[in-house]
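Trainee: Chains as they are written, first to last, in my numbering: chain A, 1 to 201; chain B, 1 to 201.
Using N, Cα and C, we set each Cβ at its ideal position, and we do this for glycine too.
One structure, as structure tokens, below. Some questions next.
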DNA sequence: GCCATTTCTTAACAATTGTTAATGCAAGAG
DNA sequence: CTCTTGCATTAACAATTGTTAAGAAATGGC
């Protein structure tokens, strides 16, 4: 069910509207730096350690963003699906090797832009700074919810929250990736699930 | 060693310069909405559940920002000291009861502004949107580092990192507050410390 | 200096999560 | 269809962290 390009760009505009309703002139400027891209299931858009050049908008499909530590342990940071973004902004700004990677969990249709184009855009009109600020405010709120969850909730509580919050993604993401998002091993998650099911969930 | 007001505002301007170097006109606009405030050790600037009205800049002293969950467990989110900010931006935007609280760990000298004034300021000049965006980018980077740390590091590693990163604050923050920042109990931290010291740290 | 209070440590035991390994199950390739 | 491969489950055991309680050490008020 591949979207055509017009639908794709319309969808991006709708997504951005939740923060700033860009007038046609600015919208056209913004749309001009985004280009359609498709990616196949399991392909990588970014490896940890690479320099970051691109930002992605998910029109259709599902990605995962993950951290990798020195011991080679991966932890999933987020699962951007339709309407979501993926692009290590903080790292791109620093022009440093990325602390995270991005992989497609499904065949996906994206809109992508070069970070250099994005940074240039910010200088073209103050509305882009405003849009950027609003998106960042939103992102920050999400990161803080996650931080609180990791600090204060047990693995079981985090899993139950995940089920509730991301019910639509539940059967699209392998268990071991969910476990890694929750900060536990796949074996522990399986044990939690069996405890929950014997408790009547 | 109480700073006088001029030093206090100069310090704020210096702090902001790391993101945007405001011309005098915009700096004066910004300075006008900030007011000096002192707070005594142990006093609360914000309780969880209160609505958020104010943003704080720390001129001198030390604060802690903490989350509180339904079971009454507190977890420290950050320890803003000289040059730092405290103010639940994400919550202020939502006009919802704050998920976190702010308490002074030392007698502190602050500059504070009403969020309404801050939001108005953003409409006065595009530079403020830019400043806001840059601060948020920086904050987001820090939150992501913390998220990765909570997902991938053991309590012992997190503690060693904390010692390294915040060595200057180490003897100003009680152990149990550090433990709560690390996501463990004070008893566990004490145990870690004794293990480390018998390992020669 | 002395007392009360707070903070930190220690110890025993419980609960949670990790590790390893074996097995079952399901989906995709040929 | 069969085989391979990847994913999920289960079990036994280890390591980490939590809980509770008692006492030691440090701090602040008087």
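1) With 9 Å set as the bound, which would you pick, yes or no: does the beta-carbon of residue 67 (chain B) sit closer than that to a beta-carbon of chain A?
2) With a threshold of 9 Å between beta carbons, is residue 137 (chain A) in contact with chain B?
3) Would you mind stating whether residue 208 (chain A) and residue 173 (chain A) have Cβ atoms separated by less than 9 Å?
4) If the cut is a Cβ gap below 7 Å, which residues of chain A does residue 18 (chain B) touch?
5) Report buried or exposed for residue 41 (chain A), applying the criterion of at least 16 other Cβ atoms within 10 angstroms of its Cβ.
6) For residue 187 (chain B), is the classification buried or exposed, using 16 other Cβ atoms within 10 angstroms of its Cβ as the cut-off for buried?
7) When every heavy atom of the ligand ZN is checked, does at least one fall within less than 8 Å of the C-beta of residue 57 (chain A)?
8) Taking 9 Å as the CB-CB cut-off, is residue 199 (chain A) touching chain B?
9) Just to confirm, are residue 111 (chain B) and residue 192 (chain B) a CB contact at a threshold of 9 Å?
10) Please confirm whether residue 132 (chain A) has its beta-carbon closer than 9 Å to some beta-carbon of chain B.
11) Nearest by alpha-carbon distance to residue 134 (chain B): which of B:6, B:20, B:9, B:4 is it?
12) How about residue 196 (chain B) and residue 166 (chain B): do their beta carbons lie closer than 9 Å?
13) Does the beta-carbon of residue 76 (chain B) have 16 or more other beta-carbons within 10 angstroms, so that it is buried, or is it exposed?
14) What in chain B is Cβ-close to residue 25 (chain A), meaning under 9 Å?
15) Residue 105 (chain A) and residue 177 (chain A) - do their beta-carbons sit closer together than 9 Å?
16) Pop quiz: residue 55 (chain B) and residue 115 (chain B) are said to be a contact at Cβ under 8 Å. What is the actual Cβ separation, rounded to whole angstroms?
17) Run the CB neighbour count on residue 72 (chain B), radius 10 Å, all protein chains shown included, and call it buried at 16 or more, exposed below.
18) Pull up the DSSP beta-bridge partners for residue 15 (chain B), would you.
19) Go ahead and label residue 1 (chain A) buried or exposed: buried means 16 or more other beta carbons lie within 10 angstroms of its beta carbon, across all protein chains shown.
20) Looking at residue 84 (chain A): is its Cβ nearer than 9 Å to the Cβ of residue 58 (chain A)?
21) CA-CA distance, residue 108 (chain A) and residue 25 (chain B)?
Mentor: Straight from the coordinates:
1) True, the Cβ-Cβ gap to chain A drops below 9 Å.
2) yes
3) Absent from the model: residue 208 (chain A). The displayed extent of chain A is 1 to 201, so no value can be given.
4) Result: empty, since nearest Cβ-Cβ is about 13 Å, beyond 7 Å.
5) exposed
6) Counting the other CB atoms within 10 Å of its CB gives residue 187 (chain B) a total below 16, which places it among the exposed residues.
7) Judged by which ligands are present, the structure shown has none, so any question about the ligand ZN falls away.
8) no
9) Pairing residue 111 (chain B) with residue 192 (chain B) gives a Cβ-Cβ distance that is not under 9 Å.
10) yes
11) With distances taken between Cα atoms, residue 134 (chain B) lies closest to B:20.
12) Cβ distance not < 9 Å, so residue 196 (chain B) and residue 166 (chain B) don't count as in contact.
13) buried
14) Those within 9 Å of residue 25 (chain A) in chain B number zero; the least Cβ separation is about 16 Å.
15) yes
16) 6 Å
17) exposed
18) DSSP lists no partner for residue 15 (chain B).
19) Confidence is the limiting factor: at residue 1 (chain A) the pLDDT is only 49, short of 50, which leaves the residue's position unreliable, though a coordinate-based value still follows. When all chains shown are included, residue 1 (chain A) counts as exposed.
20) yes
21) 48 Å
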